[in-house]
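Going line by line, the protein sequences match chains A, B and C.
Residue numbers for the first sequence follow this note's numbering, beginning at 524 and rising by one.
Residue numbers for the second sequence follow this note's numbering, beginning at -15 and rising by one.
Residue numbers for the third sequence follow this note's numbering, beginning at 133 and rising by one.
Glycine included, C-beta positions come from ideal geometry on N, C-alpha and C.
Here the structure is a predicted model, which is why all the values come from computation and not from measurement.
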Amino acid sequence: MSKYILKRLLHMIPVILVISILIFGIIKLAPGSPVGTNLDPRATPEQKQLERTRLGLDEPLYVQYGLWLSRVVQGDLGKSFLYQKPVKDVIGPYLKNTFILNIPVFILAFGISIPVGIHSAVKRYSVFDNFWTVFSLIGISLPSFFFGLLLIYFFAVKIQILPINGMIEAGSNTTGFAYALEVTKHMVLPGLVLTIGSLASYVRYTRNGMLEVIHQDYIRTARAKGLNEKVVVYRHGFRNALLPIVTLLGYSLIFLLSGAVIVETVFNWPGMGRVLLESVTMRDYNLMMAVMMLYAILTLVGNLLADIGYALVDPRVKVD
Amino acid sequence: MKKKITWLLALSLVLSAALTGCGGGATEPAASDNVPQENATEINEAVEVVADETIANPAKNRDNAADTFVVGMHEAKGEFLSAYNSTTHDGYINKIMYDCLITNNKEGAPVGMLAESFEMSNENRTYTFKLREDVKFWDGTPLTAKDVAFTFTALADPAYDGRYNTSVFEMEGYDAYNTGDADHVSGIEVIDEYTVAITYVTAKADNIWQLEIGIMPEHFYGFEKGGAQKMRDLMNANEYMGSGRYIFERFEPKQFATFTANENWYGGEVKTKNLITKFTTPDTQMQELQAGTIDAQIQVPAKEENGIQLEDMGFINVNPYLANSYGYIGFNLRDERLEDKEVRQALTYGFNRNAFIQIYYNGNAALINTPISKVSWAYTDEVNSYNYDMDKANAMLDEAGWVDTNGDGTRDKNGKELQFVWDTYTDSRYVETMIPMLQADWKKIGVGVEANLMDFNTLVEKVYTEQDFDLYNMAWSLTTDPGSNHSTFHSQFDEPDGNNSVGLRNAKIDDLLERGSIEFDQETRKAIYKEFALAMNEELPYMFLSQGQDWDVVNARVKNFNVSPYENWTWHIEDVEVTN
Amino acid sequence: MLTVNETAVAVDVNKAQKESIEGPWQMAWKRFRKNKLAMLGGIILLVLVFGAVFAPVISPYELDDMDYSQINKAPSASHWLGTDQLGRDYFTRMLHGSRVSLQVGVFAVLISVVLGSLVGGIAGYYGGWVDNLCMRIVEIVMSFPFLPLAITVSAVVGARLPAEYKMYITMMVIGFLSWTGLARMIRGQILSLREQEFMQAAKALGLSDKRIILKHLLPNTVAYIIVSATLGMAGAIMTESALSFLGLGVAPPTPTWGNMVQNARDFYILTNRPWLWVPPGIAIFLTVMSINLLGDGLRDALDPKTK
């Protein structure tokens, strides 16, 4: 197994390189540079040119890429032009905020969807199943931004029990428990949007996976053998339905850290999604590259974890 | 199965009915209010929002209400040091933390701040400042001439990478220091502990404004030549030392910054003990005002919807004043279709700018026809107002030889069509409202226009660096001195990255701009800029659009919040009081 | 001469020959028709498509007609969904908005189906290093962070093209980034189909690779393709509306449901003019929902296992 993991990790390296080259190329294709809007309107053309040279924007593309790459392998993600601070320092707090918002969502979404999916499949066409089918259908069809706006309208504007947006109140000096409470209050609405969206698709996925399994012959055999229904479902059925679930878990990992741009924008939550949007609009190359590569690596790692999980759960799957 | 269907349908019907029905409590303006006034040039006084002191005011119930003033403003980046603040917003905060040699009074004339007095000599090239002797930094260290010298020398440092080298690069001795071996800038001279003299190479009337930089203490920020990075490092670590009215406490990126009053401020008492600048967006401003989580919001867009909401709140005062900025559409004068000023004038006559102002600003903006602010001493009323006149536009275009020869709806001449591409930016209701209106109006005079939207950064590069466009729109903020028009309209600046993006090369205008810069006699200057205003009004390198209003909006519990076109909210922040 | 019995038998045989044998497609259609929800989805979708196609005819107003005396009006008899800040009839804009949303959905899905089928088919059929290469490509495309790419492409191309073409760019971006799931699924299908007997027969007959892939293998995966395409369309429409909401997709003055909901980012409009943002939101919801119902129904009908 460890040999497999090692091999996969090694395979990931060329893929990451190719992705970084592609992303770099595409970003640089975009016209506009950070120099344009960030200098004083009184700045002379010479100053702007000086700024460009200082930022290394004049060099041929492959040179710029080479410079970036050599810095990155040494652990230096460069300086953010917008924030005038090392990229690492800029990303840190936003990563934390995204994490804070997404962990409960992740736990809730999986914690609820797996048992619900299983039960739905087992008790097909029951009221329980019908409810969840409709629920998940609505959940995946409702655009997240629209849902978010509706929630704000009802809970923050009409009945003012929850804050409208942001992560904490301004000027707030709360620490410890009070701080946690404040953040939690602000987390409710965006968290709700994210959870329901994820829940809806996870439930469908789990249910379908379980359905496929339940109609297999070996389940019928198990029942015919006279095994306890619970044993049939959970020991035989579930173990096999785990496969798609594990795959899903792996893919969903990326959301823990990537932040949902839409929800963060609607609710003004200071997370990674917002940073990404801003860095692209303002052409902060170092920041953009760092964030995009982070996403790409997370996706690949997620895939790898999914495959490993797959192998662990299903003895038929040979890892070579 | 059937149940499921009806339930779904019912749900969606209920949702739509409920939400469309809830119209909210605000009243819509009567239909007649929205018909544009053809020739309105004055600010619509319809916005007079005065607070009702007697009604419930949520801001008073805030935890920190007794001694804290919360101001809502656009997000600042956190670069509050004089050497580095690169946005207007960081600039505001810099102003409350630091003091400058001079500032301006209500009329826009320079008056001493840290300088008790100042004189000009040496054919107006040298400014000698006599400093007050009672100014101390927050840590008790006295502010003396060496701090002034340090501040400007720092901006000239070879390792300095901020934008304010524009303040010093025309000083005597700059080159020798910045790129040469000199150990100080010869134009910056410390005469004694409280006297400092600064000399420029060329005497210009607006040189004085280059010196409006918050003075930084040498004992805190001082460095050897080449060590300017130290200032940035301290700033990034959020360590500040100033002499200003409010002492820096804390900065939360994207959220807020907090300050406490400087009890030892030389200028007198700072009335409100705590100040918080909360970063808001146009989306959140109204809610915050409504909920009382902020006591004031600066630069609220002067839109009808905002006016209604503010009025409805009841406990809000609105201070409207003409903003020191204007919007325009730039014509690329290098394009042979636009090089004829008759055509540009016709295009201006052909767009109902007043209707746009009425619709977008609900009349809360002034039509302008020349790049001088209506509140400036240099303004003149004698300009042509180019009021909407479709017939005149048609006649002028006919006369200029542009006729629709091929029947496609747009005029042409020598094989060229009057079909333009208008480069503009995304994410703006202003632009979205203007596009259809301009298209419709120009269609009636046989001119076609397509809007090409891109993000702002891209637009800046296309217009200023590549100079590749037909038309574009943007806005300029104006400084207190009309001399800033020099870098925008002088032919010298028609180069890639220069501000003269449209390519204006007019000898008469060049001459007026040059003379205006170096003239020190106020009356003569006034005459020069009047001529300039008239010339610009005739040449029309831009279609000037409007000078908007700024609204600084204040909760009723705030007293002495005084603003005017040349004095923003930071000018007299020490007088602001909050009541409970 | 035939006896009466013999004649009867002759007639019977004829009748038997006339009875058609129910093919798998007919069976699927019958199953589909029994699924009331799926039929509902189909009907709603048809109505929407009808509305989109006949938009200019249905509404008495032109898309760009500005009536300055009717600015920001609430819904009324003359303006079913009220007007916007320039006095344009909102219902008309909604109808035209559906055109963009539906078009983007259809074309994006077409692109992704073609790409996915080809790559998946080739990978599954040839196996070996071809398969490896294809899967690496799939992995690379899958790892591409979608939104940043959409933003960047929007910026890059947006500067050089007039507004209407923005729509096509959006279609292509969505299409080019969402084919990977289908590719993997088709590859899996083909891997299992490869071992079946009809494949050996085809090979024995000496058919060309291209013919085998296109004419024999892929048609067997059509069921998956159809389902994937339907569900993919729902996703494409959601994505386009999200992009337009963020200001990265189709920009005003061209109306799309996404950029119409964008109005709600202004607090005043959110609170006081719900007719501007709620109807487009519901429209997106109904469209996506009906497509999902349709897709689910198709899947249930075409895949005998889930019975």
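Check                                                                                                                                                                                         : Outcome
Kindly say whether Met198 (chain C), judged by its beta-carbon, lies nearer than 8 Å to any beta-carbon of chain B.                                                                           : yes
Could you give the residue range of the beta strand (DSSP E) that holds Trp535 (chain B)?                                                                                                     : 526 to 539
Return the residue from the list B:Lys376, B:Asn308, B:Met225, B:Tyr456 that minimises the CA-CA distance to Asn358 (chain B).                                                                : Note on identity: in this sequence residue 358 (chain B) is Lys, with Asn being the wrong assignment. Measuring from the Cα of Lys358 (chain B), the nearest candidate turns out to be B:Asn308.
What first and last residue would you give for the alpha helix (DSSP H) that runs through Val305 (chain C)?                                                                                   : 298 to 309
Can you tell me which of C:Phe417, C:Ala366, C:Gly429, C:Trp407 puts its alpha carbon nearest to the alpha carbon of Ser208 (chain C)?                                                        : C:Trp407
Find the residues of chain C that neighbour Leu529 (chain B), judging by a C-beta separation of less than 9 Å, and give them in chain order.                                                  : Going along chain C, no residue has its Cβ under 9 Å from Leu529 (chain B), so there is no contact; the nearest lies around 17 Å.
Which residues, taken in chain order from the stretch 465 to 485 of chain B, show a beta carbon closer than 7 Å to some beta carbon of chain A?                                               : Ser471, Glu479, Pro480, Asp481, Gly482, Asn483
Kindly indicate which three-state DSSP category Glu258 (chain B) falls into: helix, strand or coil?                                                                                           : Here the sequence assigns Asn to residue 258 (chain B), which means Glu is not the residue at that position. Of the three classes helix, strand and coil, the one that applies to Asn258 (chain B) here is strand, per DSSP.
The alpha helix (DSSP H) that contains Thr268 (chain B), what's its start and end?                                                                                                            : 266 to 275
State the DSSP-derived secondary structure class of Pro13 (chain B), mapped to helix, strand or coil.                                                                                         : The pLDDT assigned to Pro13 (chain B) is 26, lower than 50, so where the model puts this residue is not dependable; a value taken from the coordinates is nonetheless given after this. Coil at Pro13 (chain B), not helix or strand.
Starting from Val755 (chain A), trace the beta strand (DSSP E) both ways and give me its first and last residue.                                                                              : Careful: Val755 (chain A) lies outside any beta strand (DSSP E) and carries neither H nor E.
Whose CA, out of A:Tyr818, A:Val803, A:Tyr833, A:Leu827, lies closest to the CA of Leu552 (chain A)?                                                                                          : A:Val803
Should Val54 (chain B) be labelled buried (16 or more other beta-carbon atoms within 10 Å of its own) or exposed?                                                                             : buried
For the stretch 803 to 817 of chain A, which residues have a CB atom closer than 8 Å to at least one CB atom of chain B, in sequence order?                                                   : Thr804, Met805, Arg806
Would the beta-carbon of Asp454 (chain B) fall within 8 Å of that of Phe404 (chain B)?                                                                                                        : yes
If you reduce the DSSP assignment to three classes, tell me which class Asn303 (chain B) lands in.                                                                                            : strand
Does the beta-carbon of Ser233 (chain C) have 16 or more other beta-carbons within 10 angstroms, so that it is buried, or is it exposed?                                                      : buried
Which residue marks the beginning of the alpha helix (DSSP H) containing Lys209 (chain B), and which one marks its end?                                                                       : Counting along the chain, Lys209 (chain B) falls outside any alpha helix (DSSP H), and DSSP gives it neither H nor E.
If you draw a straight line from the alpha carbon of Gln423 (chain B) to that of Met805 (chain A), how long is it in whole angstroms?                                                         : 30 Å
Taking Lys61 (chain B) as the query, report the chain A residues whose CB atoms sit under 9 Å from its CB, ordered along the chain.                                                           : Leu605, Tyr606, Gln607
Taking any Cβ of chain B, which residues in the stretch 387 to 402 of chain C have a Cβ under 8 Å from it, in chain order?                                                                    : Arg397, Asp398, Phe399, Tyr400, Ile401
Any beta carbon from chain C within less than 8 Å of Ala166 (chain B)'s own beta carbon?                                                                                                      : no
So, at 7 Å on beta carbons, what are the nonlocal neighbours of Gly183 (chain C) in its own chain, with the 5 sequence-adjacent residues on each side left out?                               : Ile190, Leu227, Ser230
Assuming Gly825 (chain A) contacts Gly773 (chain A) under a Cβ cut-off of 8 Å, what Cβ separation, rounded to an integer in Å, is found between them?                                         : 5 Å
Find the nearest neighbour of Lys619 (chain A) within the set A:Ala834, A:Met795, A:Met710, judged by alpha-carbon distance.                                                                  : A:Met795
What's the gap between the Cα of Val251 (chain C) and the Cα of Met198 (chain C)?                                                                                                             : 49 Å
At a CB-CB cut-off below 9 Å, which residues of chain C make contact with Asn625 (chain A)?                                                                                                   : None at all; the shortest Cβ gap to chain C is about 16 Å.
Could you name the residues of chain A that Thr585 (chain B) contacts, counting a contact when the two beta carbons are closer than 9 Å?                                                      : The first residue shown for chain B is -15 and the last is 564, placing residue 585 (chain B) beyond what the model contains.
Find out if the Cβ-Cβ distance for the pair Met527 (chain B), Thr332 (chain B) is shorter than 8 Å.                                                                                           : yes
Relative to the C-alpha of Asn731 (chain A), which residue among A:Leu771, A:Ile682, A:Ile630, A:Tyr588 is closest?                                                                           : A:Leu771
Determine whether the Cβ of Leu437 (chain B) lies closer than 8 Å to any Cβ atom of chain C.                                                                                                  : yes
Would you say Asn826 (chain A) reaches chain C, if we count a Cβ-Cβ gap shorter than 8 Å as a contact?                                                                                        : yes
Using DSSP with H/G/I as helix, E/B as strand and the rest coil, what is Thr449 (chain B)?                                                                                                    : helix
What residue ranges within the stretch 370 to 421 of chain B form continuous alpha helix (DSSP H) runs of no fewer than 4 residues, ordered along the chain?                                  : 374 to 383
Could you name the residues of the same chain whose beta carbon sits closer than 6 Å to that of Gly92 (chain B), not counting the 5 residues immediately before and after it, in chain order? : Thr464, Tyr550
Counting only Cβ pairs nearer than 8 Å, list the residues of chain B close to Leu218 (chain C).                                                                                               : Ile343, Thr417, Pro420, Met421
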